[in-house]
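Residue numbers (this note's numbering): 2 to 128. Before any comments, here is the structure.
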Amino acid sequence: MWRNFLLMSIIFMLSLLILLVTIDRLDPTGAQKLWVFISFYCSILFMVWSFFGFVFFFGAELFAGHKLGHKAFVGSLRRSFFVGLFCVCCVGLQYFRVLGLLEVSLLLTFFILLEWVFMTTKVIDPL
Numbered sequence: 002m003w004r005n006f007l008l009m010s011i012i013f014m015l016s017l018l019i020l021l022v023t024i025d026r027l028d029p030t031g032a033q034k035l036w037v038f039i040s041f042y043c044s045i046l047f048m049v050w051s052f053f054g055f056v057f058f059f060g061a062e063l064f065a066g067h068k069l070g071h072k073a074f075v076g077s078l079r080r081s082f083f084v085g086l087f088c089v090c091c092v093g094l095q096y097f098r099v100l101g102l103l104e105v106s107l108l109l110t111f112f113i114l115l116e117w118v119f120m121t122t123k124v125i126d127p128l
């Protein structure tokens, strides 16, 4: 698990650095505005993804009281990806000035139902 912890820490720090450079140094109205928006949204996605990966996995490990395996880590990464995608969608909707309570609740319902589908499906192991 130390390898996963180290990898997620590196991804978090790099995405935080890219986000800070994007906000501080790059001009979103200049010639490179497409790359600025791509950099901004990708860095938010990876930063939230890695942060909530920490929270979900190590919180579950703390709650369980023992070390969890690879399957729990993959599940926490999936959940944290959904949270990151939810945040990016909310930031994008806010950029277009269409974010409201209805849109947030529909997005949240969609991601909760999507996670519910992943939790209830049984994967048949071919080995």
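From the three backbone atoms N, C-alpha and C, an ideal C-beta is built for every residue, glycine too.
Tyr42 and Val99 closer than 8 Å at C-beta: As a position in the sequence shown, residue 42 is number 41, starting the count at 1. As a position in the sequence shown, residue 99 is number 98, starting the count at 1. Not in contact: Tyr42 and Val99 (Cβ atoms no closer than 8 Å).
With 16 other Cβ atoms within 10 Å as the buried cut-off, status of Arg4: Along the sequence shown, read from residue 1 onward, the residue named residue 4 stands at position 3. Arg4 should be labelled exposed.
Secondary structure of Asp28, DSSP reduced to three states: Taking the sequence shown and counting its residues from 1, one reaches residue 28 at position 27. DSSP places Asp28 outside both helix and strand once states are collapsed to three, so it counts as coil.
Local Cβ density within 10 Å of Arg26, reported as buried at 16 or more and exposed below that: Position 25 of the sequence shown, counted from the first residue, corresponds to residue 26. Per the 10 Å Cβ criterion, exposed.
Coil, strand or helix - Gly101 by DSSP: Here residue 101 corresponds to residue number 100 of the sequence shown, with the count starting at 1. Of the three classes helix, strand and coil, the one that applies to Gly101 here is coil, per DSSP.
Check whether Pro29 and Val22 have beta carbons under 8 Å apart: As a first step, residue 29 is located in the sequence shown; it is residue number 28 there, counting from the start. As a first step, residue 22 is located in the sequence shown; it is residue number 21 there, counting from the start. Result no, Cβ atoms of Pro29 and Val22 do not sit closer than 8 Å.
Whole-angstrom distance between Val49 and Leu35, CA atom to CA atom: Within the sequence shown, residue 35 is the residue found at index 34, counting from 1. Within the sequence shown, residue 49 is the residue found at index 48, counting from 1. Straight-line Cα distance between these residues: approximately 21 Å.
Residue of Phe87, Ser81 and Thr121 minimising C-alpha distance to Gly54: Position 53 of the sequence shown, counted from the start, is the residue given in the question as residue 54. It is Ser81 whose Cα lies nearest to the Cα of Gly54.
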